[in-house]
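The structure appears below as structure tokens.
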Amino acid sequence: MKFIFLLSAFSLLSVPQQNCNNKNQKNNEPVKYKGRLETKALCMNYTLTLTEGTLDTSMVASSWTDENTGKSYKNAFALGNPCNFPASIQQGDEFYFMVDTSKQQSQCIVCMAYYPTPPKKLFIKVVDK
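Numbering (the working numbering), first residue to last: 296 to 424.
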């Protein structure tokens, strides 16, 4: 009898918590970040930096130096999906983006010329503010 009472009490206490968790998951919107296109080099070798927001440090290079210019950047990353990046964004422009976890790319031809980029690459989707 005590066992049934305890089981009933436990199940009643766990119901409100499950509902709260479901509400949080339903309201969980993708996080927007602000970035800047630092280098728009040939063959879509783009270097970007995170200017607003916080990303896991495993996703960006906390500090990276362009070996051609000697310029250092904080929270830098290479563009993982250059074919999906808007051509209208120019070097020095800031924009908002979300991390694209689908990692799907449009098919386009990218030449093989080398220009240094950070070792970390992110697939992103440019979005409105």
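The C-beta atom is built at its ideal place from N, Cα and C for all residues, glycine as well.
- Across the set L345, D361, N340, R331, the C-alpha of L345 shows the shortest separation from the C-alpha of N370.
- Residues T334, A336, L337, C338, N340, N363 of the same chain have their beta carbon placed closer than 8 angstroms to that of Y410, with the five preceding and five following residues left out of the count.
- For I419, the number of other beta carbons within 10 angstroms of its own is at least 16, and it is reported as buried.
- A382 and K424 have their C-alpha atoms some 18 angstroms from each other.
- For A336, the uninterrupted beta strand (DSSP E) segment begins and ends at 328-336.
- Between the beta-carbon of V394 and that of L374 there is about 12 angstroms, and that puts the pair past the 8 angstroms contact cut.
- Taking C-beta atoms as the reference points, F372 and K415 count as a pair closer than 9 angstroms.
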